[in-house]
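Residue numbers (our numbering): 10 to 308.
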């Protein structure tokens with residue numbers, strides 16, 4: 010069975026820009042819908058918003074501009090987790106920071122080259138595919154554990170991290186939201202913690218197409234193969250507290266709690282910031298970054 014194409018909504022008031030983007034993204038994996046203003050885009054999203062996998066949004070438009078449309082998108086629960094790429098000629102740090110704070114986790118500065126557009130779209134679509142896959146798997150987890158009060162688990166691989174994330178998310182009031190943040194933090198514990206694949210290394214390995222192979226290689230090599238990450242949870246009257254630990258050397262988490270303007274154009278490094286924004290009420294790192302505690306409020 011062939012993979013259904015990803016639905017991409019492109020919003021730009023310049024017909025030439027829409028034509029250029031359409032040419033760049035002419036790919037059987039993508040199904041594009043192009044509109045020329047924010048009002049029309051909002052109408053489209055109201056009709057079939059949840060069907061969209063990515064929004065490529067121009068910042069500067071007459072009427073309802075990109076920032077205002079983005080604010081509406083993030084305030085609508087049906088649309089809030091759709092990745093948005095903000096394309097703009099305004100690359101001042103203050104402008105980029107405003108977009109990040111409104112929920113634009115991917116950025117493109119005009120004019121951009123074909124390869125850059127493809128790279129950013131691919132990164133956003135990869136996140137969306139992961140997100141949808143996690144949510145589909147939620148239905149495989151039984152509700153019999155819903156009344157569990159506390160537990161702890163160990164995990165070694167990325168597969169184990171994601172499997173545990175499915176299970177733990179079902180204990181939360183909004184599993185489809187919880188699974189995103191839990192999976193991001195637990196994958197980080199393996200990839201960046203125990204396996205010591207840093208930000209620069211991941212970028213290089215991804216560009217070379219060797220990231221997955223390097224993960225498997227390190228899982229079989231000392232000292233990485235002896236390391237075990239752990240996750241525990243405790244249910245309290247008004248919240249659920251998750252504690253995730255790894256056995257790596259630690260890292261400076263402060264630079265990853267938010268997406269800074271100078272990293273807005275990078276292809277990766279958003280996991281912690283997105284977990285914090287989408288899933289957890291509080292996110293606190295200790296032990297030089299080897300331990301993180303995330304809190305999810307319960308009704």
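Where is the CB? At the ideal position from N, CA and C, for every residue including glycine. These numbers were taken from a predicted model, which means no experiment stands behind them.
Contact check, residue i vs residue j, beta carbons under 9 Å
i: residue 228; j: residue 165; result: yes
i: residue 17; j: residue 41; result: yes
i: residue 126; j: residue 33; result: yes
i: residue 241; j: residue 252; result: yes
i: residue 288; j: residue 249; result: no
i: residue 255; j: residue 299; result: yes
i: residue 198; j: residue 170; result: yes
i: residue 215; j: residue 163; result: no
Segment limits, beta strand (DSSP E) that includes residue i
i: residue 47; result: Run containing residue 47: none in the beta strand (DSSP E); it sits in the alpha helix (DSSP H), 47-57.
i: residue 310; result: Given a span of 10 to 308 for the chain in the structure shown, any question on residue 310 remains unanswerable.
i: residue 203; result: First-last for residue 203: undefined, no H or E at that position.
i: residue 305; result: 300-306
i: residue 239; result: 238-245
i: residue 161; result: 159-164
i: residue 16; result: 15-20
i: residue 67; result: 63-67
i: residue 118; result: 115-118
Start and end residues, alpha helix (DSSP H) containing residue i
i: residue 289; result: From DSSP, residue 289 is part of no alpha helix (DSSP H); its letter is neither H nor E.
i: residue 176; result: 167-178
i: residue 27; result: 24-33
i: residue 75; result: 75-84
When the options are compared against residue i, the one with the closest alpha-carbon
i: residue 203; options: 177, 167, 185; result: 167
i: residue 66; options: 72, 46, 85; result: 46
i: residue 57; options: 88, 70, 80, 281; result: 88
i: residue 96; options: 80, 85, 84, 114; result: 114
i: residue 181; options: 246, 210, 306, 232; result: 306
i: residue 244; options: 205, 156, 61, 290; result: 156
i: residue 73; options: 187, 61, 217, 44; result: 44
i: residue 52; options: 20, 290, 37; result: 20
i: residue 123; options: 12, 26, 233; result: 26
i: residue 120; options: 104, 196, 30, 80; result: 30
i: residue 291; options: 13, 187, 90, 82; result: 187
Assigned secondary structure, residue i (DSSP; H/G/I helix, E/B strand, else coil)
i: residue 10; result: With a pLDDT of 45 at residue 10, under the threshold of 50, the modelled position of that residue is not reliable, and no figure is offered here.
i: residue 41; result: strand
i: residue 255; result: coil
i: residue 281; result: helix
i: residue 107; result: helix
i: residue 221; result: helix
i: residue 294; result: strand
i: residue 250; result: strand
i: residue 184; result: helix
i: residue 123; result: helix
i: residue 135; result: helix
i: residue 230; result: coil
Chain D within 9 Å of residue i, Cβ atoms only
i: residue 119; result: Absent here is chain D; the protein component of the structure consists of one chain.
Contacts around residue i, its chain only, beta-carbon distance under 8 Å, and the 5 residues preceding and following it disregarded
i: residue 76; result: 68, 107, 108, 111
i: residue 10; result: In this predicted model, residue 10 has a pLDDT of only 45, less than 50, meaning its place in the structure is not dependable; the value taken from the coordinates is given anyway. If we look at residue 10 and ignore the five residues flanking it on each side, it has no Cβ neighbours.
i: residue 94; result: 63, 64, 65, 66, 113, 115, 116, 117, 129, 130, 133
7 Å Cβ shell around residue i - same chain, five flanking residues per side excluded
i: residue 92; result: 63, 114, 115, 133, 136, 137
i: residue 70; result: 22, 46, 47
Close-in-space but distant-in-sequence residues of the same chain around residue i (CB under 6 Å, 5 per side omitted)
i: residue 294; result: 262, 301
i: residue 284; result: 190, 193, 194
i: residue 159; result: 243
i: residue 205; result: 257
i: residue 267; result: 282
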